[in-house]
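As structure tokens, the structure follows; a few thoughts come after it.
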Amino acid sequence: MFLNSLCVGEWVIKKWIIHNDDDVPKKVPKNNVKDKPRRQVRRFFDSLPKLESHYCHKDSSKLYLEPLWTSKSQLYNVYKDDFCPREKAEPLSITSFCNIFEDLNLSLFRPKKDLCDVCESFKTGNITQSVHKMHNDMKKEASTKLVKDTALNNEVFAMDLQSVLLSQRSNVSALYYKIKLTAHNITLYNVRKNKGYCYI
1 MFLNSLCVGE WVIKKWIIHN DDDVPKKVPK NNVKDKPRRQ VRRFFDSLPK
51 LESHYCHKDS SKLYLEPLWT SKSQLYNVYK DDFCPREKAE PLSITSFCNI
101 FEDLNLSLFR PKKDLCDVCE SFKTGNITQS VHKMHNDMKK EASTKLVKDT
151 ALNNEVFAMD LQSVLLSQRS NVSALYYKIK LTAHNITLYN VRKNKGYCYI
């Protein structure tokens, strides 16, 4: 009857009661039972080897796990089957596990543009330290010149040519040799205007 006289629904009254601004103390919730397992998941993530982004560190603050796992479910299985029994901990659900993973700003896969052939070759010992140092010096010089050119009123373009593509893609080898049409995909990026152009 009271609700009908004011023309409001029951949920409006409940909302008013919950969000009242008088100094009535609200009920303090009990400690969450899952606080300890959440801390253990964070400890698990802290124990994993991580890498910063090589080229994208200006655009992204993500930390990338070393490429030992191909999916979050595979990583979860390591947590559930190895870490939890060793720590005598009860595992959280995969949903909670993934939420904490996202909260910590982690990622499984490094961006493809993050993989530099020279740096990766240096890690595996295929090139000398002097070649790697020269590569890093050239990279810093190019970055400095880009910032300098962008600060002026010059038009600055970055260009990339994708690998040559067959215009009719096929896994059949006989068709591969019969088709002679190829497509070149060139991309231009205007650095000052943040606009990209793609030409095929």
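If you're matching positions, the sequence shown starts at 1 in UniProt numbering and goes up one per residue. Every residue, glycine too, gets a C-beta built ideally from N, C-alpha and C.
Proximity below 8 Å, CB of residue i to CB of residue j
i           : j           : result
residue 106 : residue 63  : yes
residue 146 : residue 191 : yes
residue 50  : residue 65  : yes
residue 104 : residue 37  : no
residue 100 : residue 42  : yes
Integer-rounded CB distance, given that residue j should sit under 8 Å from residue i
i          : j          : result
residue 94 : residue 61 : Rounded, the Cβ-Cβ distance is 25 Å, inconsistent with contact.
residue 90 : residue 84 : 7 Å
Residues near residue i in its chain [Cβ-Cβ closer than 7 Å; skip 5 each side]
i           : result
residue 87  : 40
residue 118 : 127, 132 and 135
residue 48  : 65
residue 121 : 127
residue 193 : none
Local Cβ density within 10 Å of residue i, reported as buried at 16 or more and exposed below that
i           : result
residue 44  : buried
residue 68  : exposed
residue 199 : exposed
residue 157 : exposed
residue 33  : With a pLDDT of 45 at residue 33, under the threshold of 50, the predicted position of this residue should be treated as unreliable, though the coordinate-derived value follows. Exposed: under 16 other Cβ atoms inside 10 Å.
Close-in-space but distant-in-sequence residues of the same chain around residue i (CB under 6 Å, 5 per side omitted)
i           : result
residue 196 : 189
residue 159 : 188
residue 137 : none
residue 142 : none
residue 76  : 94 and 97
Same chain only: Cβ atoms within 8 Å of residue i, ignoring 5 sequence neighbours per side
i          : result
residue 70 : 108
For the structure I just gave you, are there three or more beta carbon pairs, one from the stretch 127-134 and one from the stretch 147-157, closer than 8 Å? With fewer than three CB-CB distances shorter than 8 Å, the stretch 127-134 does not count as touching the stretch 147-157.
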